[in-house]
Structures are given as structure tokens and as C-alpha cells.
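Trainee: Attaching a single structure in C-alpha cells format; questions to follow.
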Amino acid sequence: MSKSAPRVIATDLDGTIVRSDGTISARTVSALARVERAGSMLVMVTGRPPRWMTDIAASVGHRGVAICANGAVLYDLHTETVVRADEIPPDVLAETIGRLRGIAPELRFSVEYPDEFVYEARYEMGRWDARKFGGRPVGDGELVSRAGTKLLAFHPDADPDTLSEKATQAVGDLVTVTHSSGRGLLEMSALGVTKASALASLCTEHGIAASDVTAFGDMVNDLPMLSWAGTSYAVANAHPLVLAAVTHRTSRNDDDGVAGVLERLFP
């Protein structure tokens, strides 16, 4: 490994290394392979749940580890197994949903677990939320009967930035609120759990300082990680708040912006 190469590469997936068509380019796969080959740690840090990682693991040749569900789940891409999970207790789920219904009755809820998700019958399915991915409709009681790794709240008409701000004011003492898409979809983890908290914990276990970490992202849920890492990059298609927060920028996800940086860091 080059003396100047970072000890950890932490990258978001969708909108960062995953292209708009849902694929990871051969160039990016090759660049990611350089990281482990050089002796550095490769960490995929994503809002995706583990069940969405099968194709990613195959695409990258089962390299690296993944921090899933915005920090709630540590997932081994070599073996495709959950290492550990931080969950929202049932009573906190119930209180959070109750408060959010009070400020926005239009919200529809879903709860993620490491192996499946459950949702209200009126919850609007997105392109990743098809029933084949393990989802099933439940009543209000079952929705909050089991601890979950992530609580999702969908509003059909709301601006995500505005909705996130209101939700943080209402339930920020119970859960961590963020979002990662252009629609009114809130993503909530256990209080204090973020991409940064999980990445920091993983690095501490390996004796790695934040200054030895280079991170890549594009959306609001990446901000804690990008702020924590010693070096941070935003792809050109990133959210304005992300573009303003990072130390460096690279080209768009569709133009292999992350790969370009990795090729320079790991020649």
C-alpha cells in the first residue's frame, strides 16, 4: 500500500457508485478491487437493508464489508451475513409513529428488519420495495411488535428536506431522522445511529483514525459520515448540502467519479 493511500475507503452506493440504471460499471468494480488488493479496508456504507445487498456483493466480487440501514447493520460482503445490528425498540417505534401521525396524518409507515420488512397496507411501494424482497402488509399492532433496524415514513406530497426538518423537531429525541431520495421518504434509525457512528466504531476496532478514512457520498444521509472522515468527496450529482460540506468533489456517479479518485489513490 502506498504511504499516501488511505487505510479505509468508505463509499455510499446508490447515486455514488451505483449508476442511474442500477448497475456498477466494470471500471468501478476494478477500482474497488484495488483497495483490498493494496491492503486497505473497503466499506460500503448505505441506506439499503442487507437483503438488497446480494447483487452488490456479487457485482464487487464479495469484497469488503457493508454498513447497511444507515448505520444500523454491519454486514460481511465476503460471506453475506449480518455481523451485528442496532435496533429501535418496539416502544420507541410506537411512540415515534404516534408523534409523526400527529404532525402529518398522511404519513404511511414501514419497519425494516435484517431479513425482511413489514408495512401498512396504504404504504406506497417504491421500485425496491416489491413483495419479492420480503415485504408483507401488517396491522398497526404487528407494525410495532418487534424491534426494527429502520423505520420508514412515506408522505406522498412532501418535500423531503422540509419533512425531515419537521420530523426531527417532533421525534429527534427518540430516533435519528434522515432521508436519501428525492421523494418524501423519511428513514429513521435508533437514536445516535448514523453512517458515521457505525463507521467510527468499525474503524476503532481496527485501530484506524478518522484521518486515515476517505469517504464518498451524494445524499443527506451521507453527511455524518462525510463530516467525520478525514477526507470526503461528493459526486457532482450530489445534494446541495453534501456539495457544500465535503473537502473534495469528483464527477457524477454515471461518469465513474469514485473510480477516478480510487485509480489515483491506488495506482
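So the mapping is simple: our numbering equals the position in the sequence shown, first residue as 1, plus 148.
Glycine included, every Cβ here is placed at the ideal spot set by N, Cα and C.
Here the structure is a predicted model, which is why all the values come from computation and not from measurement.
(1) Relative to the C-alpha of M336, which residue among S345, T326, A344 and G330 is closest?
(2) Restricting to Cα atoms, I'd like to know which of D360, L350 and V177 is closest to I204.
(3) Tell me which same chain residues have a C-beta within less than 7 Å of the C-beta of S345, skipping the five on either side of it?
(4) Quick check on the DSSP output: what are the complete beta strand (DSSP E) runs of length 3 or more inside the segment 328-376, in order along the chain?
(5) Using the three-state DSSP reduction, which class does P285 fall into: helix, strand or coil?
(6) Under 8 Å, do G212 and V230 count as touching if we go by C-beta distance?
(7) Restricting to Cα atoms, I'd like to know which of A306, T159, P154 and R256 is closest to G187.
(8) Hey, out of I165, S173, C216 and R284, whose CA is closest to T194's CA?
(9) Quick one: what does DSSP say T316 is sitting in, helix, strand or coil?
(10) Let's see if you can read the secondary structure: which residues bound the beta strand (DSSP E) around I215?
(11) By Cβ distance, which residues of its chain are closer than 7 Å to A269, with the 5 residues on each side in sequence left out?
Mentor: This is what the structure holds:
(1) T326
(2) V177
(3) G219
(4) 332-338 and 361-365
(5) strand
(6) no
(7) P154
(8) C216
(9) helix
(10) V213 to C216
(11) P285
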